[in-house]
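Residue numbers (this note's numbering): 443 to 781.
Encoded as structure tokens, the structure appears first; notes follow it.
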């Protein structure tokens with residue numbers, strides 16, 4: 443049975459290794475590792491007897507690129523999340539459309555923008571004029587109905603114990619009322635994708651396949667006219683509403699010639715540019731880092747780290763001139779009082 447494979451000790455050990463990646467020296471993880479066999483065996487027994495209960499998540503707020511409230515489950519819970527997702531995700535993966543790019547192996551933002559550019563080229567060649575629908579779901583993670591998640595899960599998973607474990611995780615971390623997914627939990631990414639997978643298929647199966655892309659709840663649709671774009675937007679709004687969600691009022695329709703601001707970049711059929719606010723943030727960060735350096739509050743290594751971080755982003759688009767201009771206008775110099 444699927445549940446037996448999920449709670450198998452070897453699967454829990456593999457899940458522990460996944461959960462600790464990049465975090466092995468944190469106190470919580472190091473403490474767990476010091477008593478690994480005892481801790482994992484205890485977790486295994488609770489799962490086998492179905493007495494496992496999630497613990498309280500740590501909550502904090504991040505401000506970039508926009509303000510979000512994060513609920514980070516404790517390390518032992520993350521092991522359970524990995525154990526579940528690692529085995530059930532492949533069952534859903536084969537059902538997902540090709541043009542869904544968030545939180546999937548071999549996908550991601552860079553694959554998304556390259557596919558968008560390819561699609562823009564094809565549509566421009568076939569239609570001449572191309573219109574773009576850009577939409578996202580209002581308060582997406584906070585609005586997902588747990589029943590909608592489980593309805594999709596039940597279509598694929600024929601194991602009551604696995605479904606009960608999934609529902610237990612959904613109802614934890616402050617979402618006991620049956621609404622909302624904790625941003626920061628691995629299971630939330632899969633839950634979000636399977637809820638919108640129904641929308642994906644409704645929008646692409648014999649209804650404009652190949653002209654629709656999604657990265658989590660950020661959706662792009664290409665159409666040959668403004669009239670067709672409005673028609674597709676109305677269809678999307680209906681499918682989103684059927685899932686108990688609603689589109690953000692900022693949803694818009696515009697010509698592709700204006701560029702498509704999506705997945706952190708501005709994309710045209712001919713070129714890709716960095717998002718304007720990302721350039722402004724980089725310029726602001728460089729100026730702030732320069733001031734800190736002049737006061738002796740930062741090192742060249744600190745400055746180089748910030749530059750390399752931005753270059754890793756900028757290398758995927760036509761950003762050389764802009765980046766060069768910002769860096770050429772900066773000077774690293776210590777104030778005399780700090781010599």
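Backbone N, C-alpha and C fix where the C-beta goes; we use that ideal spot for every residue, glycine too.
CB of residue i within 8 Å of CB of residue j, strictly
i, j, result
"residue 610", "residue 697", "no"
"residue 641", "residue 682", "yes"
"residue 587", "residue 620", "yes"
"residue 465", "residue 474", "no"
"residue 789", "residue 608", "With the chain covering only 443 through 781, there is no way to say anything about residue 789."
"residue 761", "residue 716", "yes"
"residue 772", "residue 732", "yes"
"residue 622", "residue 585", "yes"
"residue 573", "residue 725", "no"
"residue 695", "residue 578", "no"
"residue 454", "residue 558", "no"
"residue 591", "residue 633", "yes"
For residue j and residue i, believed in contact at Cβ under 8 Å, the rounded distance
i, j, result
"residue 657", "residue 544", "5 Å"
"residue 470", "residue 517", "5 Å"
"residue 706", "residue 720", "7 Å"
"residue 736", "residue 775", "6 Å"
"residue 444", "residue 529", "7 Å"
"residue 478", "residue 449", "Not quite, the Cβ-Cβ distance comes to about 17 Å (not below 8 Å), so this is no contact."
"residue 580", "residue 688", "5 Å"
Beta-ladder partner(s) of residue i, from DSSP
i, result
"residue 696", "574"
"residue 478", "The partner list for residue 478 (beta bridge, DSSP) is empty, contrary to what the question assumes."
"residue 665", "573"
"residue 654", "663"
"residue 501", "513"
"residue 704", "707"
"residue 715", "708"
"residue 579", "689"
"residue 621", "587"
"residue 736", "According to DSSP, which records beta bridges pairwise, residue 736 is partnered with nothing at all."
"residue 767", "Residue 767 is not bridged to any residue."
"residue 441", "This structure does not reach residue 441, given that the chain is present from 443 up to 781, and the question cannot be answered."
"residue 542", "656"
Between the CA atoms of residue j and residue i - distance to the nearest angstrom
i, j, result
"residue 759", "residue 575", "22 Å"
"residue 764", "residue 524", "41 Å"
"residue 625", "residue 514", "8 Å"
"residue 511", "residue 504", "7 Å"
"residue 756", "residue 713", "13 Å"
"residue 672", "residue 665", "9 Å"
"residue 532", "residue 752", "33 Å"
"residue 451", "residue 487", "9 Å"
"residue 567", "residue 536", "31 Å"
"residue 603", "residue 519", "17 Å"
"residue 589", "residue 527", "18 Å"
"residue 643", "residue 539", "7 Å"
"residue 645", "residue 553", "20 Å"
"residue 704", "residue 550", "12 Å"
"residue 676", "residue 458", "44 Å"
"residue 564", "residue 483", "55 Å"
"residue 692", "residue 446", "46 Å"
"residue 494", "residue 718", "47 Å"
"residue 456", "residue 734", "43 Å"
"residue 468", "residue 476", "12 Å"
"residue 730", "residue 740", "10 Å"
"residue 501", "residue 738", "34 Å"
"residue 647", "residue 674", "13 Å"
"residue 606", "residue 492", "9 Å"
"residue 750", "residue 509", "24 Å"
Option nearest residue i by Cα separation, candidates the options
i, options, result
"residue 560", "541, 761 and 519", "541"
"residue 631", "723, 582 and 503", "582"
"residue 769", "739, 580, 722 and 454", "722"
"residue 684", "724, 692 and 639", "639"
"residue 462", "522, 546 and 483", "522"
"residue 635", "767, 597, 700 and 534", "534"
"residue 555", "739, 548 and 702", "702"
"residue 628", "597, 767 and 499", "499"
"residue 570", "738, 739 and 699", "699"
"residue 767", "728, 742 and 744", "728"
is_contact[residue i, chain D] using C-beta, thresh 8 Å
i, result
"residue 454", "This model lacks chain D altogether, as it is built from one protein chain only."
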